[in-house]
Amino acid sequence: MRARRPPPVAQGLRSRFWERIPLAAMRPAEWEALCDGCGRCCLNKLEDPDTHEVAYTRVACRLLDAETCRCSRYASRRTYVPDCVVLTPATIGRVAYWMPPTCAYRCLHEGRPLAPWHPLVSGDPDSVHAAGISVAGWTVPEYEVAEEEWEDHIVDLDGDEDAPGRAGPALAAAAGGGDGGEEG
Ligand code: SF4
Ligand code: SF4
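Okay, so the sequence shown: first residue is 0 according to numbering that gives the first Met the number 0, each after it adds one.
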């Protein structure tokens, strides 16, 4: 989730592809363009091992650039964060349940449309920030918060005030995060 996604209007994107092309049939450039750059998937999460309910925290992966919402070392991130997941058409079904409810990949996977603030819809790569969807400016790095204290930093990303807070695997993170699952 960090600084590198080109503007969504790029070559190789079919007109309004997100409305008519299935995820599995998208071109690589289209798949990449789906990422809105919100950075939410790079937040650490707590998962209830019994119910698999997921709570997001404002504790961010150590590689997240807190201002740009991008991965600071995307190419080498797995050296530092081995469990950073690569989001692909093959993995989305397995990880969608813990992706942010606003994530474009999760939305399309669940048959929901992209939001008006999505850069592909708005035509403005900053609209995700202007709409208050991105994590810019309100995260804390994981090296400043002990894991046993993450529960104190739970945030509500989907209006569920009763989000769970059980300690879990955390950092199921990233899904290529703001990088839309770029292979790396
Ligand atoms: S979760 Fe992955 S993509 Fe996100 S900042 Fe960490 S290493 Fe980078
Ligand atoms: S992959 Fe991450 S940064 Fe990209 S849209 Fe989904 S939640 Fe946001």
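For each residue, glycine too, the CB sits at the ideal point set by N, CA and C. A quick note: this is a predicted structure, and the numbers were derived from the prediction, not measured.
Can you find a heavy atom of ligand 2 that lies under 7 angstroms from the Cβ of residue i?
i    : result
G136 : no
With a threshold of 8 angstroms between beta-carbons, can residue i be considered close to chain D, or not?
i   : result
R39 : Chain labels in this structure do not include chain D; a single protein chain is all it has.
Given the structure, does residue i come close to ligand 1, in the sense that its CB is under 7 angstroms from one of the ligand's heavy atoms?
i    : result
R57  : no
Y142 : no
R93  : no
C37  : no
R105 : no
Y96  : no
Out of the options, which has the shortest C-alpha to C-alpha gap to residue i?
i    : options             : result
L156 : R69, N43, P27       : N43
G136 : P27, S14, D151, R69 : R69
E109 : S121, H51, R93, T56 : R93
E18  : T87, H128, A103     : A103
P140 : T56, I132, D125     : T56
Per DSSP, what are the beta-bridge partners of residue i in this structure?
i    : result
E46  : V53
I132 : Beta-bridge pairing links I132 to no other residue.
I153 : T56
C70  : L63
Please determine if the stretch 36-44 and the stretch 58-68 are in contact, where contact requires at least 3 C-beta pairs separated by less than 8 angstroms.
-> yes
Touching by the beta-carbon criterion (3+ pairs, under 8 angstroms), the stretch 72-81 and the stretch 18-28 | no
Are there three or more Cβ pairs, one per stretch, closer than 8 angstroms when the stretch 49-56 is compared with the stretch 108-127?
-> no
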